[in-house]
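Accompanying notes for the structure given below.
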Amino acid sequence: MKLTRLADYAVRAVIHLATKEEGELATISEIAEKQSIPQSFLAKVMQALSRAGIVRAHRGKTGGFSLMERADDITIRNIVEAVEGPIILNRCLARQGECERDVFCGAHPVWREAQEALVKVLDNYSAADMAERQLNNLKRGSP
Numbered sequence: 000m001k002l003t004r005l006a007d008y009a010v011r012a013v014i015h016l017a018t019k020e021e022g023e024l025a026t027i028s029e030i031a032e033k034q035s036i037p038q039s040f041l042a043k044v045m046q047a048l049s050r051a052g053i054v055r056a057h058r059g060k061t062g063g064f065s066l067m068e069r070a071d072d073i074t075i076r077n078i079v080e081a082v083e084g085p086i087i088l089n090r091c092l093a094r095q096g097e098c099e100r101d102v103f104c105g106a107h108p109v110w111r112e113a114q115e116a117l118v119k120v121l122d123n124y125s126a127a128d129m130a131e132r133q134l135n136n137l138k139r140g141s142p
């Protein structure tokens, strides 16, 4: 399994917004520059995040983007699923009966355990947590 660029860029964009003071907006060009994301790709990412209710687009001359909720309330899982859909490691985990082998397959419980572990980790970290880590790393001079 590999995290797509779409999900990676979405997480970076939300982390950037989480570093902002309440009421402060960030433009596409600012986020793209600070997070090393191609501007054209970022526009698509921000649309998906907006549709999912994670970011709010502010129109007009002084417009930009802000978070819809507190950064503490947005998990990394929320962000990934907003652009990728539900996290499903294998089709047999999508729903009961999706795979005719799930009742006897030796791999099924392993896939389920792996998926549950991944989801748990992504649920344990918020955009605020990641923003704090990023700011601390920048203060220490780490990329």
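The sequence shown begins at 0 in numbering that gives the first Met the number 0 and counts up by one.
Glycine is no exception: its CB is placed at the ideal position from the N, C-alpha and C atoms.
Assigned secondary structure, residue i (DSSP; H/G/I helix, E/B strand, else coil)
i	result
PHE103	coil
ARG55	strand
ALA25	strand
Distance CB(residue i)-CB(residue j) smaller than 7 angstroms
i	j	result
MET67	ILE78	no
LEU48	ALA81	yes
GLY84	ALA25	no
LEU121	TRP110	no
Where the beta strand (DSSP E) containing residue i begins and where it ends
i	result
LEU66	63-66
Rounded separation between residue i and residue j - CA only
i	j	result
GLY59	GLU20	20 angstroms
ALA130	ILE14	5 angstroms
GLY140	THR61	31 angstroms
ARG100	LYS1	25 angstroms
ARG50	VAL44	10 angstroms
ALA42	GLY22	21 angstroms
Opening and closing residue of the alpha helix (DSSP H) in which residue i lies
i	result
ASP7	4-17
ILE78	75-83
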